[in-house]
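**Student:**
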Amino acid sequence: MEEFTRNQLIGKGNPDIVGDSYTSKMHKTAKEAFNKMKTAAAKENINIEVVSAYRSFQRQKEIFEGKYKKFTSEGLTPEKAIEKIIEYSTIPGTSRHHWGTDIDIIDANAPRPANVLMPENFHGTGPFCKLKTWLNENSESFGFYEVYTDNGNRKGFKYEPWHFSYATVSIPMLKAYKEQIDVKKMLSEEKILGNEHFSEGFVSKYVKENILDINPKLLS
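Every letter in the sequence shown is one number past the one before it in our numbering, and letter 15, counting from 1, is 28.
Quick look at the structure:
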């Protein structure tokens, strides 16, 4: 018996997801841990607000294909368009947000900049510095780990000081993902726009850098 189904791993439905909006939907055990962390932070006058949590396959597909159409219509080759998209966005079926274990968070008690998810908001004199300092000291005791760390040797997605993952569930899900999902085959089966331009080389590099080059504490 597999612990996770293909659909759970690629964001096409998961009975363990609870919540009713894209900022409240999470894996049920991640949600319990998050609520404990939120309560603890509130004692320091930090109001942890989730700006993105569970994201379905369909939603990620809409984001990806919208950007793909835009960039190719502006004259980029399909390959260049895909490269540009994956600087900041995941390919559908490969996002950690599909698992309900990962959250993007800010401090709702701080002044809200126009673009909330920018690294400079979490450092120096940025509005979310207090949150970041608190998370650095406390998040791991609640099971939440920064995913895309500020490590100059890390490849794949750029540094995201707002993106945290609930390790208790995401570690086994990543392990199952590696064992069960053939990314190239999945993209073809799901008819992702531009999938014929995902070469073997591109996919293996993407898996190695964007899926697996993360905080080592989140690798099994």
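The beta carbon of each residue, even a glycine, is placed where N, CA and C say it ideally should be.
How about I227 and L144: are their beta carbons less than 7 angstroms apart?
**Tutor:** As a first step, residue 227 must be located in the sequence shown, where it is residue number 214. As a first step, residue 144 must be located in the sequence shown, where it is residue number 131. Not a contact, by the Cβ cut-off of 7 angstroms.
**Student:** Between the C-alpha atoms of Y161 and L148, what's the straight-line distance to the nearest angstrom?
**Tutor:** Within the sequence shown, residue 161 is the residue found at index 148, counting from 1. Within the sequence shown, residue 148 is the residue found at index 135, counting from 1. Using only the alpha carbons, I get a separation of about 14 angstroms.
**Student:** Start and end of the beta strand (DSSP E) containing F211?
**Tutor:** For the purposes of this step, residue 211 is taken as residue 198 along the sequence shown, with counting starting at 1. F211 -> no beta strand (DSSP E), and no H or E assigned at all.
**Student:** For L225, tell me which candidate among T18, T107 and K197 has the shortest Cα-Cα distance.
**Tutor:** Within the sequence shown, the letter at position 212 stands for residue 225. For L225, the nearest C-alpha among the options comes from T107.
**Student:** State yes or no: is the C-beta of E62 within less than 7 angstroms of the C-beta of I119?
**Tutor:** Position 49 of the sequence shown, counted from the start, is the residue given in the question as residue 62. Position 106 of the sequence shown, counted from the start, is the residue given in the question as residue 119. Yes. Within cutoff.
**Student:** Candidates Y219, L231, V182 and A189: which alpha carbon is nearest M39's?
**Tutor:** If you number the sequence shown from 1, residue 39 lands on position 26. When only C-alpha atoms are compared, the closest one is V182.
**Student:** Going along the chain, which unbroken runs of the alpha helix (DSSP H) with 4 or more residues stay wholly within the stretch 66 to 105?
**Tutor:** Taking only runs of at least 4 residues, the alpha helix (DSSP H) segments lying wholly in the stretch 66 to 105 are 70 to 86 and 91 to 98.
**Student:** Alpha carbon to alpha carbon, how far is T18 from V196? Give it in angstroms, no decimals.
**Tutor:** Your numbering for residue 196 matches position 183 in the sequence shown. Your numbering for residue 18 matches position 5 in the sequence shown. V196 and T18: Cα-Cα distance of roughly 15 angstroms.
**Student:** Reducing DSSP to helix, strand and coil, say where V182 ends up.
**Tutor:** Residue numbering aside, residue 182 sits at position 169 when the sequence shown is read from its first letter. Of the three classes helix, strand and coil, the one that applies to V182 here is helix, per DSSP.
**Student:** Is it true that the CB of K74 sits closer than 7 angstroms to the CB of P105?
**Tutor:** As a first step, residue 105 must be located in the sequence shown, where it is residue number 92. As a first step, residue 74 must be located in the sequence shown, where it is residue number 61. Yes; because the gap between Cβ atoms is below 7 angstroms, this pair is in contact.
**Student:** Terminal residues of the continuous alpha helix (DSSP H) containing E57?
**Tutor:** Within the sequence shown, residue 57 is the residue found at index 44, counting from 1. Note, E57: premise wrong, no alpha helix (DSSP H); not H, not E.
**Student:** Go ahead and pull the three-state DSSP assignment for Y35.
**Tutor:** For the purposes of this step, residue 35 is taken as residue 22 along the sequence shown, with counting starting at 1. Of the three classes helix, strand and coil, the one that applies to Y35 here is coil, per DSSP.
**Student:** Starting from E203, follow the alpha helix (DSSP H) in both directions and report where the run begins and ends.
**Tutor:** Numbered from 1 along the sequence shown, position 190 holds the residue referred to as residue 203. That residue, E203, is in no alpha helix (DSSP H); it is neither H nor E in DSSP.
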